[in-house]
Each structure stands twice: as structure tokens, then as C-alpha cells.
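Visitor: I have a structure here, written as C-alpha cells, and I will follow up with some questions on it.
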Amino acid sequence: MRIFISIVSHRHHDVIINLGTIKALSKYDEITVVCRDNDPVGKLKKYCDKYNAHYLANGHEQGFSANNNANYMHCKFELGMEEDDYFILLNPDVFITQRNILELIDVLKNQTINLGVGNLFLDREEMVQDDNIRLYPKFSSFVKTYLLNDRSTMVNRKRGLANNREYWASCAFMIIKADLYNQLNGLDERYYMYCEDIDFSFRANKAGFPLQYLENVKAVHFRRCASKQFMSKYFFWHVQSVFKYSFSKKQETALTSRLEYQNRYKK
Numbered sequence: 009m010r011i012f013i014s015i016v017s018h019r020h021h022d023v024i025i026n027l028g029t030i031k032a033l034s035k036y037d038e039i040t041v042v043c044r045d046n047d048p049v050g051k052l053k054k055y056c057d058k059y060n061a062h063y064l065a066n067g068h069e070q071g072f073s074a075n076n077n078a079n080y081m082h083c084k085f086e087l088g089m090e091e092d093d094y095f096i097l098l099n100p101d102v103f104i105t106q107r108n109i110l111e112l113i114d115v116l117k118n119q120t121i122n123l124g125v126g127n128l129f130l131d132r133e134e135m136v137q138d139d140n141i142r143l144y145p146k147f148s149s150f151v152k153t154y155l156l157n158d159r160s161t162m163v164n165r166k167r168g169l170a171n172n173r174e175y176w177a178s179c180a181f182m183i184i185k186a187d188l189y190n191q192l193n194g195l196d197e198r199y200y201m202y203c204e205d206i207d208f209s210f211r212a213n214k215a216g217f218p219l220q221y222l223e224n225v226k227a228v229h230f231r232r233c234a235s236k237q238f239m240s241k242y243f244f245w246h247v248q249s250v251f252k253y254s255f256s257k258k259q260e261t262a263l264t265s266r267l268e269y270q271n272r273y274k275k
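Mapping of the sequence shown onto this note's numbering: residues 9 to 275, in sequence order.
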């Protein structure tokens with residue numbers, strides 16, 4: 009069992025270098041890090057080379073889904089990732105301690121995880137939980153959350169998750185069996201940024217793979233919430249994704265993904 013970790017930098021080079029997560033991950037033989045630079049910067053390449061992370065520079069900018077799908081294909085076709093390995097989506101602004109890396113490795117070696125999510129916090133003291141696990145939203149939920157700060161879809165998971173509810177997880181720290189990612193054709197590339205994680209969780213659940221909460225695998229998410237900056241490009245990306253998720257057809261495999269073509273081409 010090997011663990012492949014996908015990180016995408018959208019000009020996050022300083023964040024990645026200063027947090028040191030790639031440096032921490034590099035100490036474990038079970039882990040391979042693939043870092044894709046959406047807007048290539050020389051010092052990120054030097055940093056990745058220093059800590060044996062596979063640095064991939066984009067020739068043109070792509071969205072979150074396309075970048076992670078490209079990383080998946082690199083892991084599968086160039087690095088030999090197999091069906092029973094794990095493909096982990098990790099935001100560049102997430103920090104993981106050595107203790108939690110060891111916990112992650114132990115869980116994946118000893119439990120059957122198809123779609124897992126880590127326990128994210130917003131502070132190093134692990135006092136304030138990130139809202140990276142939520143109930144599925146309706147269109148009205150998005151509107152009320154943005155305008156009224158409504159928290160009806162947020163989950164207080166301090167006592168675990170109720171078994172009678174269905175949840176989606178943020179791609180900030182999502183653990184996926186390589187075979188399942190392939191089965192679902194990865195992330196849907198109609199989503200440039202935002203809501204691709206809701207869509208992926210929904211499709212996985214529809215295929216019979218509900219979310220598994222890894223309570224003891226903890227990390228810190230230094231999120232920026234850029235989509236809440238009114239009239240910013242992040243805001244418009246978020247609005248577009250909300251409409252696509254809320255009103256488009258939903259099926260088990262991604263509607264738009266280069267994985268399907270690439271899988272057929274490489275066979």
C-alpha cells in the first residue's frame with residue numbers, strides 16, 4: 009500500500025514552503041508527494057526537489073479539478089500507482105504534524121477506507137474545528153449561508169457523526185482509494201473551483217461509498233475564504249459552481265473529466 013498526495017499551488021508557493029508540510033511528508037517511504045504549480049515559480053521547484061516531491065509545472069492555468077485529475081494520471085501512469093493505493097487531495101494551506109502523519113499511515117494500513125476525510129482544525133491548538141464536513145446543501149442553503157451566515161448545513165462533530173445522515177467533505181484533506189477515484193472519473197472539470205468536492209462526495213455516495221470520518225487523523229487548515237470577497241474572481245467562480253451543482257444533472261461518474269479518455273487511451 010502506497011500513499012500518493014496531490015497538492016496544487018495557485019500561487020501558494022510561499023505558504024507551502026513556510027508551512028513545511030511537504031518536508032514533513034518526505035520522511036516516510038510510504039508517501040509520494042506530487043505538487044503541481046499552476047503558475048510556475050522557481051523557488052517552489054527547488055523546494056520540491058530538495059524534499060523529493062514530484063514537481064509538475066503547468067503550461068497554462070487550470071482549475072482545481074483539472075489539476076488534481078492531472079496529478080492522478082501522473083501518479084497512475086508515470087509513478088505506478090495501483091488500485092489498492094491511496095490518492096489524497098491536500099490543500100497547500102494545510103499543515104500536518106509528524107504524529108498525525110503516522111496516524112494516517114496506521115489507519116490506512118489497518119482499516120478499509122474508500123472515501124475518508126481528516127479532522128481539520130483552524131488553529132494549531134486544535135480547539136476550533138474547520139467546517140470541512142457538512143450536510144448536503146440546497147440552492148437556498150448557499151444563499152442563506154452567504155447572506156445570513158446560516159449554519160444549518162454545518163456539522164458539530166465533537167461527538168462524532170450521526171449514522172443516519174449523509175455528509176460531504178471538503179477536498180482540503182480528502183483520502184480516496186485510487187480505484188474509486190478512477191471509477192468515478194475523478195473530479196468533474198466543469199467546476200473550475202468550488203463545489204467539486206460536494207459533487208464528488210455525492211457521486212461516491214451514490215456509488216455506495218459514503219464518507220468515512222477519520223477522527224484521529226488531524227490537521228490544521230489555514231484557510232483564506234477568498235470566495236466571500238464580494239465581486240472578486242473567487243466570488244464569481246463560487247457563484248458559477250453553485251448554479252452548476254444546484255441545477256445540473258447528477259450521475260455517478262464525472263460529466264466532464266479527462267480521466268475517461270486518458271484511461272481508454274492508455275489501456
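Where is the CB? At the ideal position from N, CA and C, for every residue including glycine. Predicted model, so just to flag it, every value in this text is computed and none were measured.
Are the stretch 14 to 23 and the stretch 93 to 101 touching by the rule of at least three beta carbon pairs closer than 8 Å?
Guide: The answer is yes - the stretch 93 to 101 touches the stretch 14 to 23, with three or more Cβ pairs under 8 Å.
Visitor: Applying the 10 Å Cβ sphere with the 16-neighbour rule, what's the burial state of A125?
Guide: This sequence places Val at residue 125; Ala is not what is there. Per the 10 Å Cβ criterion, buried.
Visitor: Check each candidate in A180, N193, I184 and name the one with the smallest Cα separation from Q220.
Guide: Measuring from the Cα of Q220, the nearest candidate turns out to be I184.
Visitor: Whose C-alpha, out of K84, F95, E134, is nearest the C-alpha of I39?
Guide: Comparing Cα positions, the closest option is F95.
Visitor: Leaving out the 5 sequence neighbours to the left and right, which residues in its chain are closer than 6 Å to N224 when beta-carbon positions are compared?
Guide: Hits under 6 Å: E111.
Visitor: Helix, strand or coil, according to DSSP, for F103 in the structure here?
Guide: It is a strand residue.
Visitor: Can you round the beta-carbon distance between I11 and L128 to whole angstroms, since I take them to be within the 8 Å contact cut?
Guide: Rounded, the Cβ-Cβ distance is 18 Å, inconsistent with contact.
Visitor: Around the C-beta of G71, are 16 or more other C-beta atoms found within 10 angstroms, so that it is buried, or is it exposed?
Guide: Buried, by the Cβ-count rule.
Visitor: With distance defined between alpha-carbon atoms, name the residue in M135, V42, C179, L27 nearest to S73.
Guide: The shortest C-alpha separation from S73 is found at C179.
Visitor: Rounded C-beta distance between A227 and N108? I'm assuming under 8 Å.
Guide: Correct: roughly 6 Å between the Cβ atoms.
Visitor: Could you confirm whether any beta carbon from chain B is found closer than 9 Å to the beta carbon of I206?
Guide: Protein chains in the displayed structure number just one, and chain B is not present.
Visitor: Quick check on the burial criterion: 16 or more other C-beta atoms within 10 angstroms. Buried or exposed for M162?
Guide: By the neighbour-count rule (16 or more Cβ atoms within 10 Å), M162 is not buried but exposed.
Visitor: When you compare each of A78, Q119, A170 to R142 by their alpha carbons, which one comes out closest?
Guide: Per the Cα distances, A170.
Visitor: Please state whether DSSP places D45 in a helix, a strand or coil.
Guide: It is a strand residue.
Visitor: Which value, in whole angstroms, describes the spacing of the CA atoms of R159 and V136?
Guide: If I take the Cα positions, the gap works out to 15 Å.
Visitor: Taking the alpha-carbon positions, what's the R165 to H62 distance?
Guide: Rounded to whole angstroms, R165 to H62 spans 35 Å at the Cα level.
Visitor: Find out if the Cβ-Cβ distance for the pair L267, N213 is shorter than 9 Å.
Guide: For L267 and N213, no; Cβs fall outside 9 Å.
Visitor: Between the Cα of L52 and the Cα atoms of G28, Y36, K35, which residue gives the shortest distance?
Guide: If we check each option's Cα against that of L52, G28 comes out closest.
Visitor: Using only alpha-carbon positions, find the residue among A32, H68, Y36, V41 that is nearest to V49.
Guide: Checking every option, the nearest Cα to that of V49 belongs to H68.
Visitor: Which value, in whole angstroms, describes the spacing of the CA atoms of D196 and Y80?
Guide: Going from the Cα of D196 to the Cα of Y80 covers about 13 Å.
Visitor: Which one or two residues does DSSP pair with I96 in a beta bridge?
Guide: I13, I183, per the DSSP bridge assignment.
Visitor: Hey, how far is the Cα of D93 from the Cα of L87?
Guide: Roughly 12 Å separates the two Cα atoms.
Visitor: Should G216 go down as buried or exposed, given a rule of 16 or more other Cβ atoms within 10 Å for buried?
Guide: By the 10 Å Cβ count, G216 comes out exposed.
Visitor: Among R231, H229, L222, Y144, whose alpha-carbon lies nearest the alpha-carbon of N118?
Guide: Taking only the C-alpha atoms, the option nearest N118 is L222.
Visitor: Which of helix, strand or coil does DSSP assign to F208?
Guide: Reduced to three states, the DSSP call for F208 is helix.
Visitor: By the 10 Å Cβ neighbour count, where 16 or more other Cβ atoms means buried, how is S14 classified, buried or exposed?
Guide: It is buried - the Cβ of S14 has at least 16 other Cβ atoms within 10 Å.
Visitor: Are the CB atoms of A65 and D45 within a distance shorter than 9 Å?
Guide: Taking 9 Å as the Cβ cut-off, D45 and A65 qualify as a contacting pair.
Visitor: So the candidates are E174, R231, Y144; which of them puts its Cα closest to the Cα of E204?
Guide: When each option's Cα is compared against that of E204, the closest is Y144.
Visitor: Rounded to whole angstroms, what's the CA-CA distance from R231 to A177? Just pull it up for me.
Guide: The alpha-carbon atoms of R231 and A177 are separated by roughly 15 Å.
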